[in-house]
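Residue numbers (this note's numbering): 14 to 640.
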């Protein structure tokens, strides 16, 4: 695989149009599979059962040990039907909304598919949501029933419902046998009634309403149809069959199922031929990976950064020298794969030695069976992508939004350029506006924002292209690159436009750094707020022969600050002087979901953070913005 490989569409004049300059302005991926109006999510599950009713579909963890219980396609389908019957027995009609508030676990997938089988609309809620956030979803989506994981979550929901005077919102809890209750209630509902519900569904029907992360404002309810899911699923299987189309495919979900990325992969995996597992507790992730042995991983870049940083920091003395040498070899080896000559004989020999000494340990860390890592949600540093490919687990970086059911472009095992988010997933179309904004068309683009026609109208051009709000480019082979978000562009007092993502993403790979917020809008220069990674701090201090200290102490430590300054200097190498960071401020409190500064997908809520930290920012510049 080299950069010289191009998508299949690149030579098809009927499906692809590219400008004959250095960068294409428009790209149209071909249709791989055409679906009809009856290809709904329940239809995909039914087809999976028909292909192999007795083959494993889901592996479910039993107790605290390493035992995974196999659930066949037929058994899962039957349980879906039983839960769907219970939902119908409660008087829920087609189109009614059922919210799910839970960690990533088997019951979430079961409830999702049961809702779809009963022609209902499941609405995800993050398990970390506050009363205000829950209340917003309950009211905006007009939720009839909500199933929570725990009794304490149920109390939050009841408090939110009471505050909004929603007496018609009923609450069940998994801890209080919600599934068993639904199955018992549905025992008298004939299964042909359930089947009739699913048969009446069409691809135009609403599959779910997913609320955006709210990084730049109030979360909006994104209305996604069955076609949004199914068209993308069947075409993605045809486009990259190496991931989930084969029987040995194994995916362990540990990202929140409330996030659209994980939600899509759930349907993608079940509509393939492999098996799906769930890991609700991140603290047990490494043992779960070891026992489940996934064939591919679904991650956000922060996970890959922490794996690398942890391996580097925990290696001491000679072992650290060996690790860093092996890391350089991996990166050089991966870069050489993209040249006509390929790796030299000397580099091949070094790579074989590094594989024995270091790489196999990292591969075992993620289960020892992973062929690929699928990364999304934020940009991945190029050197880190080269590192993992050099280790032997290529990172397939992709791009997508809540409004597109997840990925609209992705690097594949056959078509990959590190530093890009891959070519368009069929049958998506990309266009770059005069302002550099990425515009999209295709069957995975959402229907509308719920109860918000103005916002819906504002995000589409007159000729029907969806405005992503992201800035990027297309090369002549159709590969997409992301440079930042239009709403996040900082304009300095001198009129210089600065994309903070380019600086922030580079800095986050430093082992001491947890989160980064570049500031400088209407200011004379660019500055940055940094939070420290409390988990990594002790190992970093020990590796640098420094005594233990708290985060607050580290924030003013000379050697810590010197290391952070190096990270800033490295980031500044990628931008002009006018865009470079001139001052840093180390905070003593991290950005977290709990304090409302981080989304569940680990992105900084920029507007909220800059508002809340305004006094700190003003201190950097000697006062507030002078109008």
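Glycine is no exception: its CB is placed at the ideal position from the N, C-alpha and C atoms.
Tell me the DSSP secondary structure of residue 82 in three-state form.
Position 69 of the chain shown, counted from the start, is the residue given in the question as residue 82. Strand.
Tell me whether residue 139 sits in a helix, a strand or coil according to DSSP, three-state version.
Along the chain shown, read from residue 1 onward, the residue named residue 139 stands at position 126. Coil at residue 139, not helix or strand.
Could you tell me how far apart the beta carbons of residue 694 and residue 236 are, in whole angstroms, since I believe they sit closer than 8 Å?
The question about residue 694 has no answer, for the chain in this structure spans 14 to 640.
Could you name the residues that DSSP lists as bridge partners for residue 461?
Along the chain shown, read from residue 1 onward, the residue named residue 461 stands at position 448. Beta-bridge pairing links residue 461 to 236.
The alpha helix (DSSP H) with residue 571 in it runs from where to where?
On the chain shown, position 558 is the one that residue 571 refers to. Per DSSP, residue 571 belongs to the alpha helix (DSSP H) from 571 to 585.
Where does the unbroken alpha helix (DSSP H) through residue 483 begin, and where does it stop?
Position 470 of the chain shown holds residue 483. No alpha helix (DSSP H) contains residue 483, which is instead part of the beta strand (DSSP E) from 479 to 488.
From the DSSP output, which residues share a beta bridge with residue 428?
Within the chain shown, residue 428 is the residue found at index 415, counting from 1. Under DSSP, residue 428 forms no beta bridge with any residue.
I need the DSSP call for residue 228, collapsed to helix, strand or coil.
The residue you call residue 228 lines up with position 215 of the chain shown. For residue 228, the predicted model reports a pLDDT of 48, less than 50, meaning its position is unreliable; a value from the coordinates is still stated below. Residue 228 falls in the coil class under three-state DSSP.
Count the other CB atoms, across all protein chains shown, that sit within 10 Å of the CB of residue 209; report buried if there are 16 or more and exposed otherwise.
Indexing the chain shown from 1 puts residue 209 at position 196. Residue 209 should be labelled exposed.
Can you tell me where the beta strand (DSSP E) holding residue 598 begins and where it ends?
Position 585 of the chain shown, counted from the first residue, corresponds to residue 598. From DSSP, the beta strand (DSSP E) with residue 598 extends over 594 to 600.
Among 171, 165, 481, whose alpha-carbon lies nearest the alpha-carbon of residue 156?
As a working mapping, residue 156 is identified with position 143 in the chain shown. Among 171, 165, 481, the Cα nearest to that of residue 156 is on 171.
Indicate the three-state DSSP secondary structure (helix, strand or coil) for residue 175 in the structure shown.
Locating residue 175 in the chain shown gives position 162, where the first residue counts as 1. Residue 175 falls in the helix class under three-state DSSP.
What ranges does the beta strand (DSSP E) occupy inside the segment 304 to 371, keeping only unbroken runs of at least 3 residues that lie completely in it?
Listed in chain order, the complete beta strand (DSSP E) runs (minimum 3 residues) inside the segment 304 to 371 are 309 to 312.
Locate the alpha helix (DSSP H) running through residue 541, then write down its first and last residues.
One-based indexing of the chain shown puts residue 541 at position 528. Not the alpha helix (DSSP H): residue 541 falls in the beta strand (DSSP E), residues 539 to 545.
If we count Cβ pairs, one from each stretch, closer than 8 Å, do we get three or more for the segment 465 to 483 versus the segment 504 to 513?
no
Determine the extent of the alpha helix (DSSP H) in which residue 274 is found, giving its start and end residues.
Here residue 274 corresponds to residue number 261 of the chain shown, with the count starting at 1. From DSSP, the alpha helix (DSSP H) with residue 274 extends over 273 to 283.
Please report the Cβ distance between residue 159 and residue 197, rounded to the nearest whole angstrom; I am assuming they are in contact, meaning their Cβ atoms lie under 8 Å.
Here residue 159 is taken as the residue at index 146 of the chain shown, counted from 1. Here residue 197 is taken as the residue at index 184 of the chain shown, counted from 1. Residue 159 to residue 197, Cβ: 19 Å. No contact.
Confirm the yes/no value for this check: CB of residue 361, any heavy atom of the ligand FAD, distance under 6 Å.
Judged by which ligands are present, the structure shown has none, so any question about the ligand FAD falls away.
Taking the continuous beta strand (DSSP E) assigned at residue 420, which residues delimit it?
Residue 420 sits at position 407 when you count from the first residue of the chain shown. Taken as a continuous stretch (DSSP letters only), the beta strand (DSSP E) holding residue 420 covers 419 to 423.
Residues in the same chain with beta-carbon distance under 6 Å from residue 34, minus the five sequence neighbours each way, listed in chain order, please.
The residue given as residue 34 occupies position 21 in the chain shown. Because the pLDDT at residue 34 is just 36, under 50, the model does not fix this residue reliably, and the point stays unresolved.
State the DSSP-derived secondary structure class of residue 403, mapped to helix, strand or coil.
Counting from 1 along the chain shown, the entry for residue 403 is found at position 390. In this structure, residue 403 counts as helix in the three-state DSSP scheme.
Mind checking whether residue 3 and residue 630 have CB atoms under 7 Å apart?
This structure leaves residue 3 out entirely; the chain is present only between 14 and 640.
Identify every run of the alpha helix (DSSP H) within the segment 180 to 207, keeping only runs that are complete inside it and at least 4 residues long; order them along the chain.
Fully enclosed alpha helix (DSSP H) runs of no fewer than 4 residues occupy 191 to 198 of the segment 180 to 207, in order along the chain.
Cα separation between residue 199 and residue 432?
Translated into the one-based positions of the chain shown, residue 199 becomes position 186. Translated into the one-based positions of the chain shown, residue 432 becomes position 419. For residue 199 and residue 432, the distance between alpha carbons rounds to 51 Å.
By Cβ distance, which residues of its chain are closer than 7 Å to residue 270, with the 5 residues on each side in sequence left out?
Taking the chain shown and counting its residues from 1, the one referred to as residue 270 is at position 257. Excluding sequence neighbours, residue 270 sits near 117, 121, 137, 276, 279.
With H, G and I counted as helix, E and B as strand and the rest as coil, what does DSSP make of residue 638?
As a first step, residue 638 is located in the chain shown; it is residue number 625 there, counting from the start. The answer is coil: DSSP assigns residue 638 none of H, G, I, E or B.
If you reduce the DSSP assignment to three classes, tell me which class residue 39 lands in.
Residue 39 sits at position 26 when you count from the first residue of the chain shown. Here residue 39 carries a strand assignment [DSSP, helix/strand/coil].
For residue 428, which option in 187, 351, 542, 54 has the closest C-alpha, if you only look at C-alpha atoms?
As a position in the chain shown, residue 428 is number 415, starting the count at 1. Cα-wise, what sits closest to residue 428 is 351.
Quick one: what does DSSP say residue 149 is sitting in, helix, strand or coil?
Taking the chain shown and counting its residues from 1, the one referred to as residue 149 is at position 136. The answer is helix: DSSP assigns residue 149 an H, G or I state.
Pull up the distance between the alpha-carbon of residue 325 and that of residue 341, whole angstroms please.
Taking the first residue of the chain shown as 1, we reach residue 325 at position 312. Taking the first residue of the chain shown as 1, we reach residue 341 at position 328. Looking at the two C-alpha atoms, the distance is approximately 12 Å.
Given a cut-off of 7 Å, decide if residue 577 and residue 553 are closer than it, judged by their beta-carbon atoms.
If you number the chain shown from 1, residue 553 lands on position 540. If you number the chain shown from 1, residue 577 lands on position 564. Result no, Cβ atoms of residue 553 and residue 577 do not sit closer than 7 Å.
Using alpha carbons as the reference points, say which of 149, 282, 335, 583 lies closest to residue 265.
As a position in the chain shown, residue 265 is number 252, starting the count at 1. Of the candidates 149, 282, 335, 583, the one whose C-alpha sits nearest the C-alpha of residue 265 is 282.
With DSSP as the reference, label residue 297 as helix, strand or coil.
In the chain shown, counting from the first residue as 1, residue 297 sits at position 284. It is helical.
Going straight from the alpha carbon of residue 108 to that of residue 242, what length do you get?
Taking the first residue of the chain shown as 1, we reach residue 108 at position 95. Taking the first residue of the chain shown as 1, we reach residue 242 at position 229. One C-alpha to the other measures close to 17 Å.
I'd like the span of the beta strand (DSSP E) that includes residue 286, first residue to last.
In the chain shown, counting from the first residue as 1, residue 286 sits at position 273. Per DSSP, residue 286 belongs to no beta strand (DSSP E) and is neither H nor E.
Just to confirm, are residue 309 and residue 387 a CB contact at a threshold of 7 Å?
On the chain shown, residue 309 is found 296 positions in, with the first residue counted as 1. On the chain shown, residue 387 is found 374 positions in, with the first residue counted as 1. It is a contact, given that the beta carbons lie within the stated cut-off.
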